[in-house]
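Asker: Dumping the structure here so I can ask a few things about it.
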Amino acid sequence: MKVLSETDTGKALCEYCQAVVSTHYVRRDVPFSDGQGVVENVLVGVCDRCDAVIAIPSQSTPVIHDVVKQLR
Ligand SMILES: [Zn+2]
Numbered sequence: 031m032k033v034l035s036e037t038d039t040g041k042a043l044c045e046y047c048q049a050v051v052s053t054h055y056v057r058r059d060v061p062f063s064d065g066q067g068v069v070e071n072v073l074v075g076v077c078d079r080c081d082a083v084i085a086i087p088s089q090s091t092p093v094i095h096d097v098v099k100q101l102r
């Protein structure tokens with residue numbers, strides 16, 4: 031598995047821009063979609079155009095799952 035870092039870029043479909051856009055990776059506090067909590071300092075892919083979080087690298091999903099488990 032390729033481990034991404036904050037210097038990486040990529041391409042992904044942005045649901046907000048409705049287009050394939052270039053992305054860059056940053057560490058962010060990401061709120062859950064249900065608004066019940068926040069995963070802090072997780073590496074995510076961000077749309078270069080609108081700055082929305084549009085990609086969660088597979089290396090970041092275990093971190094998110096851990097936080098979800100702690101809350102339940
Ligand atoms: Zn976008």
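The numbering used here runs 30 ahead of the 1-based position in the sequence shown. Glycine included, C-beta positions come from ideal geometry on N, C-alpha and C. Please read all numbers here as calculations on a predicted model, not as lab measurements.
Hey, Leu73 and Ser90 are a contact pair by Cβ (cut 8 Å); roughly how many whole angstroms apart?
Answerer: Here residue 73 is taken as the residue at index 43 of the sequence shown, counted from 1. Here residue 90 is taken as the residue at index 60 of the sequence shown, counted from 1. That pair is a contact at about 5 Å.
Asker: Quick check on DSSP: helix, strand or coil for Asp81?
Answerer: Indexing the sequence shown from 1 puts residue 81 at position 51. In this structure, Asp81 counts as coil in the three-state DSSP scheme.
Asker: What residues match up with Ser52 in a beta bridge as DSSP calls it?
Answerer: Position 22 of the sequence shown, counting from 1, holds the residue named residue 52. Note: Ser52 sits in a beta bridge opposite Lys41.
Asker: Could you pull the start and end residues of the alpha helix (DSSP H) that Ile86 belongs to?
Answerer: What you label residue 86 is simply residue 56 of the sequence shown in a count that begins at 1. Element bounds for Ile86: n/a, residue is neither H nor E.
Asker: What does DSSP give as the partner residues of Arg102 in its beta bridges?
Answerer: Position 72 of the sequence shown, counting from 1, holds the residue named residue 102. Paired residues: none, contrary to the question.
Asker: Report, in whole angstroms, the separation of the C-beta atoms of Val76 and Val68, which I expect to be a contact under 8 Å.
Answerer: For this step, residue 76 is matched to residue 46 along the sequence shown. For this step, residue 68 is matched to residue 38 along the sequence shown. Incorrect: roughly 16 Å between the Cβ atoms, too far for contact.
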